[in-house]
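*Asks:* Numbering (our numbering), first residue to last: 616 to 1004. Take a look at this one; I'll ask things after.
This is the structure we're talking about:
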């Protein structure tokens, strides 16, 4: 497998990215910067393409010309990071996975996802159910939620390097290859999801600035432990409301689409992903995992603090984008996600921001630019995005 590509100038997927942070000391400038450099990287995301005019016109830029760090700002700089995304995959290995070639297709999809260059930076953990590894009791006889919360492969970020240099990828692939469906057909979904949510809530509490998602993949109906789908879905609802954990439900052949929907709605992801009976189950499961990654790995950045220790003025923050080989553009700020028709960026909290998020169309454009450079500038009056014409 080839090395995972890296956008060295600015962006790296899901928590490993660096942006150039420049602290400004003057008013808006109008000089263009120079193009960025580096390899390629797809950060994921599901926003539509478009919305950012690559010639720097006011239609999609801030409307006031590009702010140059050299002309308007000092030389002080530091790194900022994308919000890390943690994904726990809770995967069914019940005896029914031996039927209709489901296990080979599903396990190959998992391995392909772990090895995909686009996963670089994503933090992934893995647990199978029913399974007594690494802790006994995550079965339809034991129904031990605590056992199910113990991970076969602990959370860790996959890197730009292939295994064995990427030790997390190696551990994930080994975890899949060393597992196989059991002899029984039990599907202790309540204990499995309960354990997954228990781990996710603990991680979210310990890392409040990170995203945590649970991905439940099953080919069966609840069998053993509490079999009431509403009680199972309530586990996902509790994790979402208390700690912001999102839960995805992926159903293979043998599962019930309405049950996957019930879990997904409770977990804040609107609708289950139902693959069902398909000769293309491997490709469809891989696509589902990528789609889940893409929906979470967005262009969302931690709001940096001024390096000199002064109080941040949210009205004096700008985001510059330099396309590969092109001229620098200052992206315009919008009021929020609902105001993203023309692209741009917005705060999570306009008066006390902790995050900067690119609008979906702008995010997609930047992600597609394999030589992009991005900068966050502090101290210069914020350029606003012109409203739709």
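No residue lacks a Cβ here, since even glycine has one placed at the ideal position from N, Cα and C. Note that the structure is predicted; figures quoted are calculated from it, not measured.
Once DSSP output is grouped into helix, strand and coil, what is the label at residue 992?
*Replies:* Residue state, collapsed to three classes: strand.
*Asks:* In the DSSP output, what is residue 970 paired with across the bridge?
*Replies:* According to DSSP, which records beta bridges pairwise, residue 970 is partnered with 917.
*Asks:* Put residue 769 into one of helix, strand or coil per three-state DSSP.
*Replies:* Residue state, collapsed to three classes: strand.
*Asks:* Among the residues of its own chain, which have a CB less than 6 Å from the CB of residue 852, if the five just before and after it don't count?
*Replies:* Closer than 6 Å at Cβ, skipping near neighbours: 881.
*Asks:* Below 8 Å CB to CB, which residues in the same chain sit around residue 740 once its five sequence neighbours on both sides are set aside?
*Replies:* Cβ within range, chain order: 701, 702, 703, 704, 766, 768, 769, 770, 771 and 814.
*Asks:* Could I get the ranges of all uninterrupted alpha helix (DSSP H) runs contained in the stretch 817-882, with 4 residues as the minimum, in chain order?
*Replies:* List check, alpha helix (DSSP H) in window: 844-858 and 872-881.
*Asks:* The beta strand (DSSP E) that contains residue 1019, what's its start and end?
*Replies:* The requested residue 1019 is not part of the displayed model; the chain covers only 616 to 1004.
*Asks:* Comparing C-alpha positions only, which one of 842, 829 and 872 sits nearest to residue 802?
*Replies:* Out of 842, 829 and 872, 842 has the C-alpha closest to the C-alpha of residue 802.
*Asks:* So, using beta-carbon positions, are residue 923 and residue 870 closer together than 7 Å?
*Replies:* No; because the gap between Cβ atoms is not below 7 Å, this pair is not in contact.
*Asks:* With residue 784 and residue 729 assumed to form a contact (beta carbons below 8 Å), what rounded beta-carbon distance in angstroms separates them?
*Replies:* The pair is a contact, with the Cβ atoms about 5 Å apart (cut-off 8 Å).
*Asks:* Just to confirm before moving on: does the CB-CB distance between residue 832 and residue 706 stay below 7 Å?
*Replies:* In this structure, residue 706 lies closer than 7 Å to residue 832 by Cβ.
*Asks:* Determine the closest residue to residue 855 out of 884, 721 and 840, with distance taken between C-alpha atoms.
*Replies:* Cα-wise, what sits closest to residue 855 is 884.
*Asks:* In angstroms with no decimal places, state the Cα-to-Cα distance between residue 875 and residue 895.
*Replies:* Rounded to whole angstroms, residue 875 to residue 895 spans 20 Å at the Cα level.
*Asks:* Quick one, which of 737, 981 and 935 has its alpha-carbon nearest residue 908's?
*Replies:* Nearest C-alpha to residue 908: 737.
*Asks:* Is it true that the CB of residue 952 sits closer than 7 Å to the CB of residue 1003?
*Replies:* Against a cut-off of 7 Å, the Cβ pair of residue 952 and residue 1003 comes out as no contact.
*Asks:* Could you spell out the range, first to last residue, of the beta strand (DSSP E) harbouring residue 932?
*Replies:* Start and end: 932-937.
*Asks:* Any chance the CB of residue 840 is under 6 Å from a heavy atom of the ligand PLP?
*Replies:* You won't find the ligand PLP in this model; it holds no ligand whatsoever.
*Asks:* Let me know the alpha helix (DSSP H) ranges lying completely inside the stretch 741-809, each 4 residues or longer, listed in chain order.
*Replies:* List check, alpha helix (DSSP H) in window: 760-763 and 782-792.
*Asks:* For the beta strand (DSSP E) holding residue 682, just list the boundary residues, first then last.
*Replies:* Segment: none, residue 682 is in no beta strand (DSSP E) and carries neither H nor E.
*Asks:* Could you have a look at residue 981 and say whether DSSP puts it in helix, strand or coil?
*Replies:* Three-state DSSP puts residue 981 in a helix.
*Asks:* One question on the structure: do residue 720 and residue 897 come within less than 7 Å of each other, judged by their Cβ atoms?
*Replies:* A contact, by the Cβ cut-off of 7 Å.
*Asks:* Using 8 Å as the cut-off, can you tell me whether the stretch 935-946 makes contact with the stretch 752-763, which would need three or more C-beta pairs spanning the two stretches below that distance?
*Replies:* No: the two stretches stay apart, fewer than three of their Cβ pairs being nearer than 8 Å.
*Asks:* Contact defined as beta carbons within less than 8 Å: I believe residue 698 pairs with residue 930. What is the distance between those atoms, to the nearest angstrom?
*Replies:* That belief does not hold up - the Cβ atoms of residue 698 and residue 930 are roughly 23 Å apart, past 8 Å.
*Asks:* When DSSP labels each residue in this structure, what does residue 900 get in the three-state scheme?
*Replies:* Note: residue 900 maps to helix in three-state DSSP.
*Asks:* For the alpha helix (DSSP H) holding residue 723, just list the boundary residues, first then last.
*Replies:* Residues 717-730.
*Asks:* Going by the DSSP bridge assignment, what does residue 891 pair with across the sheet?
*Replies:* Note: residue 891 sits in a beta bridge opposite 867.
*Asks:* Just the C-alpha distance for residue 845 and residue 877, rounded to the nearest angstrom, thanks.
*Replies:* About 7 Å.
*Asks:* Which of the three DSSP states, helix, strand or coil, is assigned to residue 582?
*Replies:* The first residue shown for the chain is 616 and the last is 1004, placing residue 582 beyond what the model contains.
*Asks:* Going by the CB atoms, is the gap between residue 763 and residue 805 shorter than 7 Å?
*Replies:* Result no, Cβ atoms of residue 805 and residue 763 do not sit closer than 7 Å.
*Asks:* Keeping to the same chain, check which residues put their C-beta closer than 7 Å to that of residue 859; ignore five residues upstream and five downstream.
*Replies:* Only 819 meet the Cβ criterion.
*Asks:* Tell me which residues share the same chain as residue 1006 and place their Cβ nearer than 7 Å to its Cβ, disregarding the 5 neighbours each side in the sequence.
*Replies:* Lying outside 616 to 1004, the shown extent of the chain, residue 1006 is not represented and no answer is given.
*Asks:* According to DSSP, is residue 957 helix, strand or coil?
*Replies:* In the structure shown, residue 957 sits in a helix (DSSP, three-state: H, G or I).
*Asks:* Just to confirm, are residue 828 and residue 748 a CB contact at a threshold of 7 Å?
*Replies:* In this structure, residue 748 does not lie closer than 7 Å to residue 828 by Cβ.
*Asks:* Determine the burial state of residue 976: buried for a count of at least 16 other Cβ atoms within 10 Å of its Cβ, exposed for fewer.
*Replies:* Buried: at least 16 other Cβ atoms inside 10 Å.
*Asks:* Under 8 Å by Cβ, that's how I've got residue 973 and residue 914 pegged, so tell me the actual separation to the nearest angstrom.
*Replies:* Going by Cβ atoms, the distance from residue 973 to residue 914 rounds to 4 Å, so yes, they are a contact pair.
*Asks:* Taking C-alpha atoms, which residue in 799, 986, 927 and 981 lies nearest to residue 940?
*Replies:* Ranking 799, 986, 927 and 981 by Cα distance to residue 940 puts 986 first.
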